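Numbering (this note's numbering), first residue to last: 43 to 217.
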């Protein structure tokens with residue numbers, strides 16, 4: 043199968059949890075018709091999509107939130123875009139905009155949920171997992187959504203545009 047350089051999937055993100063499974067299955071069927079995917083990649087894409095859609099349902103009030111797919115061999119990019127407030131960290135974690143750049147810090151999205159992030163610019167960071175070696179995503183509780191995406195992907199970046207009030211969750215997966 044000749045791999046496309048761009049994949050356009052125009053499905054609207056479901057507005058409630060009942061639509062997640064049908065959405066994920068439909069997206070996967072459309073992707074499999076255009077890109078060769080093995081079972082491991084299908085499983086990872088499912089996990090990533092479930093968590094991105096769940097994030098949208100829980101945190102976005104944007105009627106036009108979307109998930110875009112781009113394929114640039116060998117990398118599939120999955121990008122969720124929505125309008126809204128930026129990610130806010132709990133406790134005494136640093137907040138966006140970041141002043142000191144190009145460093146890795148530990149932040150909390152809740153009091154019990156630490157994440158390591160690499161600051162890329164004042165409004166953009168990459169999720170980092172210092173313990174990725176040896177940890178299987180099969181044994182993580184599902185409510186650690188951003189951590190699940192971090193483990194299932196090859197790269198996971200968050201970016202906020204304060205002028206547009208736009209959030210981007212950018213996932214790279216090498217196929």
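A virtual CB, placed ideally from N, CA and C, is assigned to each residue, including glycine.
It should be emphasised that the depicted structure is a prediction, and the values quoted were computed from it without experimental measurement.
Margin query: What residue range does the beta strand (DSSP E) around residue 118 cover?
Written below: Per DSSP, the continuous beta strand (DSSP E) segment holding residue 118 begins and ends at 117 to 125.
Next item on the list: Would you please state the rounded distance, in angstroms, between the beta carbons of residue 213 and residue 191? I believe it to be under 8 Å.
Entry: Right, the Cβ-Cβ distance comes to about 6 Å (below 8 Å), so this counts as a contact.
Check: Using a Cβ-Cβ cut-off of 6 Å (strictly less than) and excluding sequence neighbours within five positions of residue 102, which residues of its own chain qualify?
Finding: Closer than 6 Å at Cβ, skipping near neighbours: 124, 126.
Margin query: So residue 168 and residue 197 are supposed to be a Cβ contact under 8 Å. How far apart are they, rounded?
Written below: Yes, residue 168 and residue 197 are in contact; Cβ-Cβ is about 6 Å, under 8 Å.
Next item on the list: Flag this pair as yes or no: are the beta carbons of residue 170 and residue 160 separated by less than 8 Å?
Entry: Result yes, Cβ atoms of residue 170 and residue 160 sit closer than 8 Å.
Checklist line | Pick from 203, 65, 120 that is closest to residue 83, judged by C-alpha positions | finding: Checking every option, the nearest Cα to that of residue 83 belongs to 120.
Check: In terms of residue numbering, what span does the alpha helix (DSSP H) encompassing residue 98 cover?
Finding: DSSP places residue 98 inside the alpha helix (DSSP H), whose first and last residues are 81 to 101.
Next item on the list: Quick one: residues in its chain with C-beta nearer than 8 Å to the C-beta of residue 4, no 5 flanking neighbours on either side, listed in chain order?
Entry: Outside the displayed range of the chain (43 to 217) lies residue 4, so it cannot be described from this structure.
Check: Quick one, which of 66, 118, 61 has its alpha-carbon nearest residue 49's?
Finding: Selected option, being the one with the closest Cα: 118.
Note to self: Buried or exposed for residue 202, going by 16 or more other Cβ atoms inside 10 Å?
What the structure shows: It counts as buried.
Item checked: Option nearest residue 68 by Cα separation, candidates 86, 91, 80 -> It is 91 whose Cα lies nearest to the Cα of residue 68.
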